[in-house]
Amino acid sequence: MAVSWTETQYQRLTELNAGEEIRSLSFPGSAERDRAFLEYEKKLRAAAKERLEKLRKEHRRPLLCRLKSRLTEVLTGCGFVEVSTPLLLAKGLLEKMSITGAHPLYAQIYWVDRGKCLRPMLAPNLYYLLTDLLRIWEHPVRIFEIGSCFRKESQGAHHLSEFTMLNLVEMGLPLEQCRTKMAEYASLVMEAAGLNDYRLVSKASEVYGETTDIVAGGVELGSAALGPHPLDENWGITVPWVGIGFGLERMIQAAQKSSSISSVGRSLSYLDGVRLNI
Ligand code: ATP
Ligand code: MG
1 MAVSWTETQY QRLTELNAGE EIRSLSFPGS AERDRAFLEY EKKLRAAAKE RLEKLRKEHR
61 RPLLCRLKSR LTEVLTGCGF VEVSTPLLLA KGLLEKMSIT GAHPLYAQIY WVDRGKCLRP
121 MLAPNLYYLL TDLLRIWEHP VRIFEIGSCF RKESQGAHHL SEFTMLNLVE MGLPLEQCRT
181 KMAEYASLVM EAAGLNDYRL VSKASEVYGE TTDIVAGGVE LGSAALGPHP LDENWGITVP
241 WVGIGFGLER MIQAAQKSSS ISSVGRSLSY LDGVRLNI
């Protein structure tokens, strides 16, 4: 009977970014398997060291940082203004997003104080800023933020408790342009991330009623919503809008075909996707 990797071997190979073709191998017996493991481990460690060397000698910034810069460049080039808002969010702003006791996201909030939490999303801050900017600036107003968000997750291959979100919003555009712009901005971001193979899928959302997900390889990389929307009333916003939130680590994971999201996120064990215990 053919044998596959032991749990420890499989875990080590995953840490070292072994592809599915290696992780799914099977062998006639355990001696063959253990020999193969040592060989693959050696090769993968060498590849990891090479990648770290490249980071040090060539680009000097991990992919997450480089993607952030690339997206900033592309979006500012398209008329979006970058904003930088607080990581600490007042409970009142969550409530304005209808995230209260019964909402599924409520249980995922990290409270740092009774009235303050670590932001689980960028939308409340962007809504807040837009109430002023819509008054001051000529319409349409385009802004974006790229920054950390926090959610208590039961950790899986696609969830981090601390991740990087890009949220872009255009408000005050003609209603009939919203859907086209949604597709246009999704394409802009996906192309900047080196991802050409994706689909737009509509689904029901807890926060926005209906959202359109940007999906690649069966994984949600972003969620888009359109306004006017029932939540707008809480902010006094009456103009049409389009907004999309993307997860940068998920985009990198998809582009790199990596099996673990933790290797590409903020980490003390990995640097630029490379496990440091090599
Ligand atoms: P999921 O259903 O996959 O948990 P979501 O619909 O709750 O995601 P959104 O609120 O739509 O997530 O957030 C926008 C994007 O942020 C997601 O499409 C995803 O790319 C990313 N994202 C959300 N939660 C996480 C997480 N815990 N870790 C990494 N990325 C995340
Ligand atoms: Mg979503």
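Residue numbers for the sequence shown follow this note's numbering, beginning at 1 and rising by one.
Idealized CB from N, CA, C, for every residue including glycine.
Residue burial classification, residue i (beta-carbon count within 10 angstroms, cutoff 16)
{"i": "R250", "result": "buried"}
{"i": "A107", "result": "exposed"}
{"i": "D272", "result": "buried"}
{"i": "I143", "result": "buried"}
{"i": "W241", "result": "buried"}
{"i": "V141", "result": "buried"}
{"i": "L44", "result": "buried"}
{"i": "P104", "result": "exposed"}
{"i": "Q9", "result": "buried"}
Length of the line joining the Cα atoms of residue i and residue j
{"i": "S202", "j": "T180", "result": "14 Å"}
{"i": "S279", "j": "V189", "result": "Since the first and last residues shown for the chain are 1 and 278, residue 279 lies out of range."}
{"i": "L126", "j": "A254", "result": "27 Å"}
{"i": "E170", "j": "I261", "result": "29 Å"}
{"i": "G172", "j": "L129", "result": "14 Å"}
{"i": "I99", "j": "G222", "result": "19 Å"}
{"i": "Q11", "j": "D213", "result": "31 Å"}
{"i": "P230", "j": "N167", "result": "19 Å"}
{"i": "S24", "j": "S263", "result": "20 Å"}
{"i": "A186", "j": "W5", "result": "39 Å"}
{"i": "H59", "j": "A2", "result": "43 Å"}
{"i": "F246", "j": "A18", "result": "26 Å"}
Three-state secondary structure assigned by DSSP to residue i
{"i": "L166", "result": "strand"}
{"i": "I146", "result": "strand"}
{"i": "R266", "result": "coil"}
{"i": "A204", "result": "strand"}
{"i": "S223", "result": "strand"}
{"i": "D272", "result": "coil"}
{"i": "M97", "result": "coil"}
{"i": "S187", "result": "helix"}
{"i": "R199", "result": "strand"}
Cβ of residue i within 8 Å of any chain B Cβ
{"i": "R135", "result": "Going by chain labels, chain B is absent from the structure shown, which holds only one protein chain."}
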